[in-house]
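Okay, so the sequence shown: first residue is 89 according to this note's numbering, each after it adds one. For each residue, glycine too, the CB sits at the ideal point set by N, CA and C. Model, not experiment: these values are computed from the prediction.
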Amino acid sequence: MERLTTGIDGLDEMLGGGIPVNHAVVIAGPAGAGKTILSMQFVYTNLLKGKKCLYISAGEDPEALKANTKFFGWDVDRFIDSGDLVMMKPRLIDVVNLTSDFLEKLPHVVKRSSADLVIIDSITEFNDLCQTDIERRGRVLNLYEAIKDSGATGIMTAEASTDGDGTRYGIADYVTDGVILLRRLQSRDLSELLHVVQISKMRWIEHSREIRQYEVTDQGIKVHSKYSVIFSE
Ligand SMILES: Nc1ncnc2c1ncn2[C@@H]1O[C@H](COP(=O)(O)OP(=O)(O)OP(=O)(O)O)[C@@H](O)[C@H]1O
Ligand SMILES: [Mg+2]
89 MERLTTGIDG LDEMLGGGIP VNHAVVIAGP AGAGKTILSM QFVYTNLLKG
139 KKCLYISAGE DPEALKANTK FFGWDVDRFI DSGDLVMMKP RLIDVVNLTS
189 DFLEKLPHVV KRSSADLVII DSITEFNDLC QTDIERRGRV LNLYEAIKDS
239 GATGIMTAEA STDGDGTRYG IADYVTDGVI LLRRLQSRDL SELLHVVQIS
289 KMRWIEHSRE IRQYEVTDQG IKVHSKYSVI FSE
């Protein structure tokens with residue numbers, strides 16, 4: 089199975105080489121865990137390898153995102169100019185009529201895209217607009233199929249559930265091909281909260297079940313090696 093590097097060595101190692109091409113994968117985590125940074129790292133690394141990317145930012149303004157990720161040395165302007173990166177901020181709701189066509193439009197945009205990588209940051213806004221769990225399941229499945237049909241590899245970020253075991257709505261976890269969980273754990277001496285990553289699901293491949301610590305550094309996310317400080321004496 090062909091793989092796409094995530095741009096993060098430790099995570100690629102956990103995945104046995106990267107994310108399988110044409111998988112649609114969820115990255116779930118609490119606020120500020122680094123879901124957007126991880127997505128941009130994935131995008132930037134693959135842009136450098138000649139891939140085309142579509143980044144749908146339902147939360148943050150793409151201009152701010154672009155400017156802030158320059159801090160990590162990821163200057164995406166030239167890829168926007170060349171057309172290899174398309175960044176979009178959809179209108180979630182018409183504030184006058186309180187109506188939304190986001191739920192209908194998103195699968196079409198994804199399906200028509202010729203990108204190798206599609207990022208939806210985040211799918212929580214999409215879920216928030218659905219009225220019932222039945223609608224939510226149907227729409228997430230429809231979106232999943234749009235990614236698969238487009239031939240792209242998809243990353244959907246998502247807010248975590250309260251227990252941190254998956255996504256808040258708990259639907260994308262079942263529908264998609266993989267779930268990468270970002271969590272926070274208290275350090276052994278209780279002095280700080282550590283970030284940890286684990287792959288809770290990745291269809292059709294052998295992957296690590298380890299819980300590894302990671303950090304957000306000035307070069308992006310770095311996942312620690314196997315025997316991490318969290319479990320040492
Ligand atoms: N330059 C930096 N150096 C170290 N850590 C940083 C730096 N910039 C951001 N961070 C960390 O990354 C976090 C933000 O990452 P990011 O925006 O990717 O999170 P997120 O999971 O997408 O959050 P949200 O749920 O709000 O969208 C900050 O809370 C901070 O801890
Ligand atoms: Mg974010």
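Three-state secondary structure assigned by DSSP to residue i
i, result
"Ala248", "strand"
"Leu194", "helix"
"Thr264", "coil"
"Gly138", "coil"
"Gly98", "helix"
"Lys123", "helix"
Residue interval of the beta strand (DSSP E) (run including residue i)
i, result
"Val113", "112-117"
"Lys310", "308-311"
Identity of the residues DSSP links to residue i by a beta bridge
i, result
"Thr255", "Ala248"
"Leu269", "Ala116, Gln286"
"Ile107", "Leu92"
"Gly239", "None, per the DSSP bridge assignment."
Buried or exposed (CB count within 10 angstroms, at least 16 for buried), residue i
i, result
"Phe159", "exposed"
"Trp292", "exposed"
"Asn185", "exposed"
"Thr212", "buried"
"Leu70", "Residue 70 lies beyond the residue range present for the chain, which begins at 89 and ends at 321; the question has no answer from this structure."
"Ile278", "Before going further, note that residue 278 is Leu rather than Ile in the sequence given. Exposed, because fewer than 16 other Cβ atoms sit within 10 Å of the Cβ of Leu278."
"Asp209", "buried"
"Gln129", "buried"
"Ser238", "buried"
CB contact check: residue i to chain C, cutoff 8 Å
i, result
"Glu192", "Considering every chain present, this structure includes no chain C. It has just one protein chain."
First through last residue of the alpha helix (DSSP H) which encompasses residue i
i, result
"Ser275", "No alpha helix (DSSP H) holds Ser275; DSSP gives it neither H nor E."
What ranges does the beta strand (DSSP E) occupy inside the region 277-304, keeping only unbroken runs of at least 3 residues that lie completely in it? 281-290
Note down, one range per segment and in chain order, each beta strand (DSSP E) of at least 3 residues found wholly within the region 195-236. 205-209
In chain order, what are the residue ranges of uninterrupted beta strand (DSSP E) at least 3 long that sit wholly in the region 140-190? 141-145, 173-176
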